[in-house]
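Colleague:
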Amino acid sequence: MNTTRSNEKLLDVRGLTVEIDGRNGPAVVVDGIDLHVNKGETLGVVGESGCGKSLTMLSLMRLLPNKIKVTKGSASFDGQDLQKMSNKELRKVRGGDIGFVFQDPMTSLNPVMRIGDQICEPLIYHRGMKKAEARVRAVELLRLVGIPGPEERLQAYPHELSGGMRQRVMIAIGLACNPKLLIADEPTTALDVTIQAQIVDLVKDLRAKLGMSVVWITHDLALIAGLVDRVAVLYAGTVVEDAPVDELYARPSHPYTRGLLASIPKLSDAPASRLSSIGGTPPEPGRRPKGCPFAPRCPLAEAVCHERVPKLEPLSGAGNHRTACFVVQKMQEAA
Amino acid sequence: MSAIPLSPVAAQEEAAVSLWRDAWHRLKRNKLAVFGLIVVAILAFTAIFGPYLTPYDYLSQNLQARNAVPSLQHLFGTDDLGRDVFSRVVFGTRTAFLVAVIVTVIAVLIGTILGAIAGFFGNPFDRVIMWLTDMTMSVPNLLLVVVINASLKSPITKWMEAQYLATLDPFYRQTIWVDFILVFGSMALISWPPYARLVRAQVLSIRSRPYITAAQALGLSNWIIMKRYVIPNALGPLIVSVSAGLGTAMVLESAFSFLGIGVNPPTPSWGNMISDGLRVWQHYPHLLAAPAAVLGLASVAFSFLGDGLNDALNPRGSK
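In the order they appear, the protein sequences are chains C and D.
Sequence positions in the first sequence follow our numbering and run 5 to 339.
Sequence positions in the second sequence follow our numbering and run 59 to 377.
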C-alpha cells in the first residue's frame with residue numbers, strides 16, 4: 005500500500021497505565037496498554053466511548069488534566085522516552101514532531117485569534133520562522149488541506165468558518181511543522197457524513213504525500229476501513245485485538261471485535277431487520293471485573309475468563325494478528 | 059432560469075466581521091449605552107482639554123463676586139471665595155478621571171495578574187492568592203482608607219519637608235502629590251480583589267476548554283498560552299467590569315474627598331466641592347447642585363455604558 009512503510013517503530017507504548025484520582029481512591033482507566041506505530045504506518049485505534057482511547061493519546065503527550073496520572077509504563081517516540089523528558093524537550097516534540105488534531109473543531113480553535121495567526125504559531129515557535137515566512141507557509145498549508153481562497157482565509161476568525169473548514173484548519177495546524185506522527189483524535193465525530201468522507205480522503209492523500217505516520221482514533225470501524233494499515237481494538241483501557249486491517253475484517257477473533265463488526269449495518273441485511281448490538285455496558289473505571297474486562301458481556305465467556313486476565317498473544321498462523329482472549333486461543337490450539 | 063440572486067462573494071464579505079466589530083454593532087443599537095458612551099466621551103474630553111478652555115483659572119478669586127448665582131459670565135455661579143464654579147467643576151473632572159483611570163489601571167493590572175496566576179496554575183498559588191483577596195475584601199473600604207491616610211500621611215509629609223529643607227528642590231514642596239499617591243494607593247488596594255476574582259473565574263473556565271489543550275499540544279509555553287489564548291478570551295467580562303469600575307472609582311474618590319481623606323482643597327474635586335456646598339446649600343444651592351449633578355451624570359453614564367458593553371460582548375447572556 006504505502007512504499008515508505010517500514011518495520012521500524014516510531015511510537016512504542018509499553019504497559020502504559022493511567023489512573024484517575026477519584027473520591028473512592030485511584031481508578032484505573034488505561035490498563036497497561038501496548039501499542040506501536042511503525043514509520044509511515046497508519047494505525048486505527050478503535051473502541052467505544054470511555055474505553056480510554058483519547059486518554060491514552062493525551063497521556064503520551066503528558067496533556068492529562070490534573071487528577072489523571074500515568075502510573076506505570078513507558079512511551080518512546082523515535083527512541084526517546086516521552087514520559088521521562090523535561091517539559092522543555094517535550095514542548096519541542098508537541099506540535100513539532102507530533103501533530104495533534106482534536107475531536108471538536110468547533111471548540112479546539114482559539115475563538116479570538118485569526119486562523120492565520122493560529123497556523124503561524126507552531127511555525128514561529130518550533131521552526132523559528134519570521135512572521136512573513138510563516139504566512140507564506142500558512143497559505144501553502146491551507147491550500148494543501150483544500151481550503152479555497154487561502155490568502156483571504158488567513159484573516160478569518162474561527163466562527164466565520166464551517167465545521168468542515170475548521171477541521172481542515174485544525175489539520176493544517178497539526179501538519180504545520182511536517183510532523184513525523186499525526187495523532188487524530190476522532191477528527192470526524194463532530195462532522196456530517198459527507199464531510200467525514202472528505203476529511204478521511206484528505207488525510208489519506210496527505211499521508212501519501214508527506215510520508216508520515218498517522219494514529220487515527222475513532223469509534224467507527226467502517227469509516228477507517230480504507231484508511232488505516234493496522235487496527236488496535238481497545239476495550240476498557242486494554243488492547244484486546246491488534247491486526248492488519250484486512251486481516252481484522254476477514255477474521256475478527258476477539259468476541260468484542262466481532263460484536264463491533266456485527267453492529268455495522270450492511271446493504272445486504274434484510275430490510276427492517278434489527279441491528280445487532282453488544283449487550284451491557286463497559287465497566288466503570290474502578291469497578292473493573294477481576295478477570296477479562298469483557299467477560300461479563302461476552303457470549304463465549306467461560307469460568308477462566310472471570311478469574312484471570314488474558315494476555316495479548318499472536319494467533320497461530322498469523323504472527324501480526326494478536327488477540328487477548330482465552331476462548332479464541334484455546335479454539336486455535338484445538339484446530 | 060431562476061431569479062434568485064446568488065452572490066457568494068457578497069455573503070462571504072458580510073461574514074468577515076470581527077468579534078469586536080460585531081460587538082460595536084450591538085452596542086450602537088442600545089440607546090442608553092450610546093448615551094453613556096457620549097457622556098463618557100465628553101467627560102474624558104473635558105478632563106484632558108477642559109482646564110485649558112475655561113474662561114477662568116480654577117484658583118483665581120474674585121472677592122467682588124462671591125456666591126454669585128449662575129449667569130452668562132459664570133455658568134455655574136461662583137463660590138464663597140468668588141472662584142468660578144464651572145471652571146472648578148471642569149478641573150474636578152480632571153481630578154476624578156485621573157484618579158479613576160490610574161486607580162482602575164493599577165487595580166486591573168494587579169487583579170488580572172494575580173487572578174490569572176491563581177486560575178491557571180492552581181494550588182498552591184490559588185489558595186494563597188484567594189486568601190489574600192478574601193482578607194482584603196473583609197476589611198471595610200472606608201476604614202482601610204482612613205487608616206492608611208491617618209498612619210501614612212503625616213510621615214510622608216514630614217519626610218517631604220525634610221527632603222525640601224535638605225535639598226531645596228521645589229518638587230518636595232508640592233504636597234498635592236502626597237494626596238494623590240495616597241489616594242491612588244489606598245483605592246487601588248481596595249479595588250483589585252473583584253478583578254482578581256473575576257479573572258480567576260474566567261481563567262478557570264477557559265483553562266478547561268479544548269483550545270487550551272490544543273495549544274498545549276502545539277508545544278506552546280505556558281506564558282504564550284496565557285498571553286495569547288487565556289487572557290484575550292477573558293477580556294470581554296473584564297472590559298465590562300472595568301467600565302463599571304471606572305464609575306465606581308470616581309464616586310469613591312468623591313466620597314473620600316467629601317470626607318476629607320481624599321483630594322484636599324484647593325485642588326478641586328467634585329467630592330470636596332459637594333462637601334463645601336453642603337454647608338451653605340440652603341442659601342446657595344447651586345454650589346451643591348453643580349458638582350453633585352455632574353457626579354451623578356458621570357456615574358449613571360458609566361453604568362449605562364457598562365451595561366451596554368455587557369450585552370454587546372456577551373450576546374448569548376443578554377436575551
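Glycine included, every Cβ here is placed at the ideal spot set by N, Cα and C.
Output yes if chain D places a C-beta closer than 7 Å to the C-beta of Val237 of chain C; else output no.
Modeller: Your numbering for residue 237 of chain C matches position 233 in the first sequence. No, no contact with chain D.
Colleague: Out of D:Leu353, D:Leu278, D:Lys211 and D:Gly94, which has the shortest C-alpha to C-alpha gap to Arg131 of chain C?
Modeller: What you label residue 131 of chain C is simply residue 127 of the first sequence in a count that begins at 1. Checking every option, the nearest Cα to that of Arg131 of chain C belongs to D:Leu278.
Colleague: Got a sec: does the ligand ADP put a non-hydrogen atom nearer than 6 Å to the Cβ of Val218 of chain C?
Modeller: Absence of the ligand ADP is noted for the structure shown, with no ligands found whatsoever.
Colleague: DSSP three-state call for Glu71 of chain D: helix, strand or coil?
Modeller: If you number the second sequence from 1, residue 71 of chain D lands on position 13. For Glu71 of chain D, the predicted model reports a pLDDT of 39, less than 50, meaning its position is unreliable and no value from the coordinates is stated.
Colleague: Could you round the C-beta distance between Val147 of chain D and Pro349 of chain D to whole angstroms and report it? I think they count as a contact, below 8 Å.
Modeller: In the second sequence, residue 147 of chain D corresponds to position 89, counting from 1. In the second sequence, residue 349 of chain D corresponds to position 291, counting from 1. That belief holds up - the Cβ atoms of Val147 of chain D and Pro349 of chain D are roughly 6 Å apart, short of 8 Å.
Colleague: Applying a beta-carbon distance threshold of less than 7 Å, which residues of chain D neighbour Ile123 of chain C?
Modeller: Mapped onto the first sequence, residue 123 of chain C falls at position 119. Within chain D, no residue comes near Ile123 of chain C; the closest Cβ sits about 10 Å away, beyond 7 Å.
Colleague: Using a Cβ-Cβ distance cut-off of 7 Å, determine whether Gln340 of chain D contacts chain C.
Modeller: For the purposes of this step, residue 340 of chain D is taken as residue 282 along the second sequence, with counting starting at 1. Judged by the 7 Å Cβ criterion, Gln340 of chain D is not in contact with chain C.
Colleague: Beta-carbon separation of Asp16 of chain C and Ser80 of chain C under 7 Å?
Modeller: Here residue 16 of chain C corresponds to residue number 12 of the first sequence, with the count starting at 1. Here residue 80 of chain C corresponds to residue number 76 of the first sequence, with the count starting at 1. Yes, the pair counts as a contact, with Cβ atoms nearer than the cut-off.
Colleague: Please say whether Gln274 of chain D and Leu67 of chain C have beta carbons closer to each other than 7 Å?
Modeller: Residue 67 of chain C sits at position 63 when you count from the first residue of the first sequence. Residue 274 of chain D sits at position 216 when you count from the first residue of the second sequence. A contact, by the Cβ cut-off of 7 Å.
Colleague: So does the stretch 216-232 of chain C actually touch the stretch 33-53 of chain C, counting three or more Cβ pairs closer than 8 Å?
Modeller: The stretch 216-232 of chain C vs the stretch 33-53 of chain C: in contact.
Colleague: Distance check for Arg267 of chain D and Glu23 of chain C, CA to CA, integer angstroms please.
Modeller: Residue mapping note: residue 23 of chain C aligns to position 19 of the first sequence, counting from 1. Residue mapping note: residue 267 of chain D aligns to position 209 of the second sequence, counting from 1. Whole-angstrom Cα-Cα distance: 22 Å.
Colleague: Taking Cβ to Cβ, would you say Ala158 of chain D is nearer than 7 Å to Met308 of chain D?
Modeller: In the second sequence, counting from the first residue as 1, residue 158 of chain D sits at position 100. In the second sequence, counting from the first residue as 1, residue 308 of chain D sits at position 250. It is a contact, given that the beta carbons lie within the stated cut-off.
Colleague: In angstroms with no decimal places, state the Cα-to-Cα distance between Leu127 of chain C and Ile175 of chain C.
Modeller: For the purposes of this step, residue 127 of chain C is identified with residue 123 of the first sequence, where counting begins at 1. For the purposes of this step, residue 175 of chain C is identified with residue 171 of the first sequence, where counting begins at 1. The straight-line gap from Cα to Cα measures roughly 14 Å.
Colleague: Can you grab the Cα-Cα spacing for the pair Leu214 of chain C / Arg255 of chain D, in whole Å?
Modeller: Within the first sequence, residue 214 of chain C is the residue found at index 210, counting from 1. Within the second sequence, residue 255 of chain D is the residue found at index 197, counting from 1. The straight-line gap from Cα to Cα measures roughly 48 Å.
Colleague: Short of 6 Å in beta carbon distance, which residues of its chain neighbour Arg291 of chain C, apart from the five on each side in sequence? Order them along the chain.
Modeller: For the purposes of this step, residue 291 of chain C is taken as the residue at position 287 of the first sequence. Answer for Arg291 of chain C: no residue qualifies.
Colleague: How close, in whole Å, do the beta carbons of Asn181 of chain D and Gly366 of chain D come, if the pair is a contact with beta carbons under 8 Å?
Modeller: Residue mapping note: residue 181 of chain D aligns to position 123 of the second sequence, counting from 1. Residue mapping note: residue 366 of chain D aligns to position 308 of the second sequence, counting from 1. Incorrect: roughly 38 Å between the Cβ atoms, too far for contact.
Colleague: Look up His40 of chain C in the DSSP assignment and give the residues it is bridged to.
Modeller: Mapped onto the first sequence, residue 40 of chain C falls at position 36. According to DSSP, His40 of chain C bridges with C:Asp16.
Colleague: Going by DSSP, what residues sit across from Lys451 of chain D in a beta bridge?
Modeller: Here chain D has residues from 59 to 377 only, and residue 451 of chain D is not among them.
Colleague: So, does the CB of Asn291 of chain D fall closer than 7 Å to a CB anywhere in chain C?
Modeller: Working through the second sequence from its first residue, we reach residue 291 of chain D at position 233. Interface residue, yes.
Colleague: In whole angstroms, what is the alpha-carbon distance linking His40 of chain C and Val244 of chain C?
Modeller: Residue 40 of chain C sits at position 36 when you count from the first residue of the first sequence. Residue 244 of chain C sits at position 240 when you count from the first residue of the first sequence. Cα to Cα, His40 of chain C sits roughly 14 Å from Val244 of chain C.
Colleague: For my contact list, Pro154 of chain C and Val143 of chain C are in at a C-beta cut-off of 8 Å; report their separation, rounded to the angstrom.
Modeller: The residue labelled residue 154 of chain C in the question sits at position 150 within the first sequence. The residue labelled residue 143 of chain C in the question sits at position 139 within the first sequence. At roughly 5 Å, the Cβ-Cβ gap stays under 8 Å, so Pro154 of chain C and Val143 of chain C are in contact.
Colleague: For Leu265 of chain C, which option in C:Lys184, C:Leu225, C:Val197 and C:Cys181 has the closest C-alpha, if you only look at C-alpha atoms?
Modeller: As a working note, residue 265 of chain C is residue 261 in the first sequence. The shortest C-alpha separation from Leu265 of chain C is found at C:Leu225.
Colleague: Going by Cα to Cα distance, which pick from C:Pro30, C:Gln159 and C:Met89 is closest to Arg118 of chain C?
Modeller: As a working mapping, residue 118 of chain C is identified with position 114 in the first sequence. Of C:Pro30, C:Gln159 and C:Met89, the residue nearest in Cα terms is C:Gln159.
Colleague: Using C-beta distances below 8 Å, list every residue in its chain close to Asn114 of chain C, excluding the 5 sequence neighbours before and after it, in chain order.
Modeller: Taking the first residue of the first sequence as position 1, residue 114 of chain C is located at position 110. Closer than 8 Å at the Cβ level, and outside the excluded window around Asn114 of chain C, lie Gln122 and Pro162.
Colleague: Check Leu190 of chain C in the structure and name its three-state DSSP category.
Modeller: Locating residue 190 of chain C in the first sequence gives position 186, counting from the first residue. Checking the displayed sequence, the identity of residue 190 of chain C turns out to be Glu instead of Leu. In this structure, Glu190 of chain C counts as coil in the three-state DSSP scheme.
Colleague: Taking 7 Å as the CB-CB limit, is Thr271 of chain D close to chain C?
Modeller: The residue you call residue 271 of chain D lines up with position 213 of the second sequence. So yes, Thr271 of chain D belongs to the interface.
Colleague: Within its chain, find whatever has a CB closer than 6 Å to the CB of Ala105 of chain D; leave out the 5 residues flanking it on each side and keep chain order.
Modeller: The residue labelled residue 105 of chain D in the question sits at position 47 within the second sequence. Result list for Ala105 of chain D: Thr151, Arg152 and Phe155, in chain order.
Colleague: Are there 16 or more other CB atoms within 10 angstroms of the CB of Ala370 of chain D, so buried, or fewer, so exposed?
Modeller: Taking the first residue of the second sequence as 1, we reach residue 370 of chain D at position 312. It is buried - the Cβ of Ala370 of chain D has at least 16 other Cβ atoms within 10 Å.
Colleague: Of all the CB atoms in chain D, is at least one closer than 7 Å to the CB of Arg95 of chain C?
Modeller: Position 91 of the first sequence, counted from the start, is the residue given in the question as residue 95 of chain C. Yes, Arg95 of chain C counts as interfacial toward chain D.
Colleague: I'd like to know if Ala158 of chain D contacts chain C, where contact means its C-beta is closer than 7 Å to some C-beta of that chain.
Modeller: Within the second sequence, residue 158 of chain D is the residue found at index 100, counting from 1. Chain C contact via Cβ: absent.
Colleague: May I ask which residues mark the beginning and end of the alpha helix (DSSP H) holding Ser357 of chain D?
Modeller: Within the second sequence, residue 357 of chain D is the residue found at index 299, counting from 1. Where Ser357 of chain D is concerned, the enclosing alpha helix (DSSP H) stretches over Pro343 to Leu371.
Colleague: Which residues, in chain order, does the stretch 124-149 of chain D contribute to contact with chain C at a C-beta distance below 7 Å?
Modeller: Listed by position, the residues of the stretch 124-149 of chain D near chain C (Cβ gap below 7 Å) amount to none.
Colleague: Distance cutoff 7 Å, beta carbons only. Does Ala302 of chain D sit that close to anything in chain C?
Modeller: The residue you call residue 302 of chain D lines up with position 244 of the second sequence. No, its Cβ sits nowhere closer than 7 Å to a Cβ of chain C.
Colleague: Where Tyr269 of chain D and His310 of chain C are concerned, what is the direct C-alpha to C-alpha distance, given to the nearest angstrom?
Modeller: Here residue 269 of chain D is taken as the residue at index 211 of the second sequence, counted from 1. Here residue 310 of chain C is taken as the residue at index 306 of the first sequence, counted from 1. For Tyr269 of chain D and His310 of chain C, the distance between alpha carbons rounds to 42 Å.
Colleague: Considering Cα atoms alone, identify which of D:Leu276, D:Asn280 and D:Tyr253 is closest to Arg265 of chain D.
Modeller: Position 207 of the second sequence, counting from 1, holds the residue named residue 265 of chain D. That would be D:Asn280, whose Cα lies nearest to the Cα of Arg265 of chain D.
Colleague: Just how far apart, CA to CA, sit Leu179 of chain C and Arg147 of chain C?
Modeller: To locate residue 179 of chain C, count along the first sequence from 1; it is residue 175. To locate residue 147 of chain C, count along the first sequence from 1; it is residue 143. Taking the straight line joining both Cα atoms gives about 12 Å.
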